[in-house]
Each structure stands twice: as C-alpha cells, then as structure tokens.
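J.: Pasting a structure below so you can have a look.
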Amino acid sequence: MSIGEITTLLRGGIFQVLILAGPMLFAALTVGLVVAILQATTSIQEQTLTFVPKIIAILVVLALLGGWMFASLGDYTVRLFEMIPDMAR
C-alpha cells in the first residue's frame, strides 16, 4: 500500500465524519445562536437554558436524517471491507 492510497483512505474517513456530523453540529450551532440572541435581548442569563433546545434540535436532526446517516456509514464500511484484499498485496 502506497502513501497515496493511505492518504486517500484517511481523507475519505475524515470526509465521512464531517458529512455525518455536519447536520447535527449545524443544528446545534443555529439553535445556540438563536437562544443566545434571545438571552441577550431579554437579559435572561440562565446558563442551562441553552442545553435543552440544543439537545432537542440534535434529536430532531437524528430522527430525520438517522436512516441516511446509517446507510451512508454502512456503504462506507462495506467499501472499506472490500478494499481489504487489495491492502494485503
């Protein structure tokens, strides 16, 4: 296995992680920003107020995109297992 193939494998793994984690992180970021703006405008400085909406947003994203995430990760895993014989050469 050459350095180029190893780099391609690592790049593919990092890209897969970013694609799978991206929607949840974006939802948490958006909800956190909205809650922070609401807290700033209303002068409510409760620290725990940000956690519940973020958790709910992440669970909603998981419920909506969980099937796609699982299928994408499964396809990537199958591709990795199919590459094992080529790696042994």
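All residue numbers for the sequence shown refer to the working numbering, where the first residue is 1200 and numbers rise by one.
Cβ coordinates follow ideal geometry from the N, Cα and C atoms, glycine included.
Keep in mind the model is a prediction, meaning the values are calculated, not measured.
Measuring alpha carbon to alpha carbon, tell me which residue in V1260, V1259, I1257 and G1231 is nearest T1247.
T.: G1231
J.: Report yes or no: do the segment 1269-1279 and the segment 1209-1220 share at least 3 C-beta pairs separated by less than 8 angstroms?
T.: Using a Cβ-Cβ distance cut-off of 8 angstroms, the segment 1269-1279 and the segment 1209-1220 are in contact, since at least three pairs of beta carbons, one from each stretch, lie closer than that value.
J.: Expressed to the nearest angstrom, what Euclidean distance is found between the alpha-carbon atoms of E1235 and G1221?
T.: Correcting the residue type first, residue 1235 is Ala in the shown sequence and not Glu. Answer to the nearest angstrom: the Cα atoms are 21 angstroms apart.
J.: Can you tell me where the alpha helix (DSSP H) with I1255 in it begins and where it stops?
T.: Note, I1255: alpha helix (DSSP H), F1250 to M1286.
J.: Could you tell me if A1226 is buried or exposed, where buried requires 16 or more neighbouring beta carbons within 10 angstroms of its beta carbon?
T.: buried
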